[in-house]
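Colleague:
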Amino acid sequence: MKITCTTRELLEAVNTVSKAVAVKPPAPILSGIFLKAEGSSLEIEANNLDIGIRTKISANTEVPGSIVVSGKYLQEMARKLSGDIVSISYDDEAKVARLQSESISFKMLALNVEEWVHIKEPEVEVSFALPAVTFKNLIRKTVYACAHDESRPMFTGCLLQIDGNKITMVGTNTHRIAIMHETVADNLGEMSYIIPSKALGELARLADDSGDNNVTIRCSSKDIDFTFDNVYIKTRLLSGDFPPFEKVIPKEAITTVRVDTMDLLAAIDRVGLISRETDYKTIRFAIDKEGLHLSSTSPDIGNAEESIMAAIEGEDIDIAFNVNYLIEALKVIDTKICVIKLSGRLKPADIREADRDDFIYIVTPIRTN
């Protein structure tokens, strides 16, 4: 194998697939990145069995061939190359790959390419396309609410539910739930899948949502894949019955707060500094006709208090939340004003964008003395 390509394209491609390199691989080969040179392109692939990512870049191929090299070191070497053009060659007898750019030359031992586990594309049962901007927005509004505890794998993913031209994505860790609705022009039928949040995060990172770009989505009973630009991502679906999320949305409120989103986010960030290192990361809201009063306390640090203006309707109420759960939700709210509806000091709060119903965030309060 011997090729040349631009350093920039090589680095971008390696960075693209690197999140699918196994950190603690069950087999050494899964810590590698696969490169295949053929014709005018270089195919680059990583696969940790849970998620696989493949992309292609332009290249001048002198000698076609395939190699597998350490994903970690290929990424580091690609970052440190100095010139605009890099050559990649492989010595089959010595089993050594070489990267050469201007005066810098890197050599590394190659892994056994015969052991490489290629991404196996699913047996497609359903296929459809969504605008990249729509799909990325669904992910942005929900994925942060997923659980990170692998003992409850179903909650480590987002539910993608399609009903005609209405698309809903839901993320939850059982303490909070984020729901986002979008509509598209086409009737896509009825289907639902639970997609791992890690794969959705990579999709949101990589997909270009400018212009009229689409993401093509194909599903089987166990797997789902996404194709956009020159990138292909495949991941397993999560199994289980997703909880009926509509039932957790409060039906009525005793207190409604309308407040400037950025003002509230900044105040929570400041006041929450005191409690971020405590067990429950608690921030308290005291709401009355004068406005919104925030406070937090740590027995090891001290306390913080701040009041901000807000339009209040209904009863006075004291309620407490996990500060991180509020910050993560407020960061994805796109309207100047957000609306917080409260049904009681121990009942879930409903947070939305003002005058819009496509995004709903429900968060459980923390019980305090």
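Position 357 of the sequence shown, counting from 1, maps to 354 under my numbering, and the rest follow consecutively. The beta carbon of each residue, even a glycine, is placed where N, CA and C say it ideally should be. These numbers come from a predicted model, not from an experiment.
Tell me the DSSP secondary structure of L46 in three-state form.
Modeller: Three-state DSSP puts L46 in coil, outside helix and strand.
Colleague: How close, in whole Å, do the beta carbons of L127 and V167 come, if the pair is a contact with beta carbons under 8 angstroms?
Modeller: Actually they do not touch by this definition, with Cβ atoms about 16 angstroms apart.
Colleague: Can P193 and P345 be called in contact, C-beta distance under 8 angstroms?
Modeller: No, these two residues do not count as a Cβ contact at 8 angstroms.
Colleague: Looking only at its chain, what residues have a beta carbon closer than 6 angstroms to the beta carbon of L156, apart from the 5 residues adjacent to it on each side?
Modeller: Correct list, in chain order: V167, I191, F239.
Colleague: With H, G and I counted as helix, E and B as strand and the rest as coil, what does DSSP make of I174?
Modeller: DSSP places I174 in strand when its eight states are reduced to three.
Colleague: Which partner residues of A317 appear in the DSSP bridge assignment?
Modeller: Beta-bridge pairing links A317 to R281.
Colleague: Just to confirm before moving on: does the CB-CB distance between I230 and I50 stay below 8 angstroms?
Modeller: Taking 8 angstroms as the Cβ cut-off, I230 and I50 qualify as a contacting pair.
Colleague: Quick one: which unbroken alpha helix (DSSP H) runs of 4-plus residues sit fully inside the segment 156 to 219? Chain order, please.
Modeller: Entirely contained in the segment 156 to 219, the alpha helix (DSSP H) runs reaching 4 residues are, in chain order, 194 to 203.
Colleague: Going along the chain, which residues of its own chain have a beta-carbon closer than 8 angstroms to the beta-carbon of I324, five neighbours each way excluded?
Modeller: So the qualifying residues of the chain are L262, I265, D266, G269.
Colleague: Candidates G198, P241, I363: which alpha carbon is nearest F132's?
Modeller: Checking every option, the nearest Cα to that of F132 belongs to G198.
Colleague: Where D226 and K53 are concerned, what is the direct C-alpha to C-alpha distance, given to the nearest angstrom?
Modeller: C-alpha separation (whole angstroms): 10 angstroms.
Colleague: Just the Cα atoms here: how many angstroms apart are M259 and C335?
Modeller: Those two C-alpha atoms are separated by around 9 angstroms.
Colleague: How many angstroms separate the CA atom of I363 from the CA atom of L27?
Modeller: Distance between the alpha carbons of I363 and L27: 42 angstroms.
Colleague: Leaving out five residues before and five after T279 in sequence, what residues of the same chain have Cβ atoms less than 6 angstroms from its Cβ?
Modeller: For T279, where only same-chain residues beyond five positions count, the Cβ hits under 6 angstroms are S272, A317, I363.
Colleague: Ignore the nearest five residues each way along the sequence and tell me which others in S340's own chain have a CB closer than 7 angstroms to its CB.
Modeller: Same-chain partners within the cutoff: P247, E249, A250, I251.
Colleague: Determine the direct distance from the alpha carbon of M306 to that of L203, and round the result to whole angstroms.
Modeller: Going by the C-alpha atoms only, they are around 39 angstroms apart.
Colleague: Measure the C-alpha to C-alpha separation of D81 and T3 and round it to an integer number of angstroms.
Modeller: Approximately 6 angstroms, taken between the alpha carbons.
Colleague: Please classify K328: is it buried, with 16 or more other beta-carbons within 10 angstroms of its beta-carbon, or exposed?
Modeller: Classification for K328: exposed.
Colleague: Whole angstroms is fine: what's the gap from N44's alpha carbon to L108's?
Modeller: Rounded to whole angstroms, N44 to L108 spans 14 angstroms at the Cα level.
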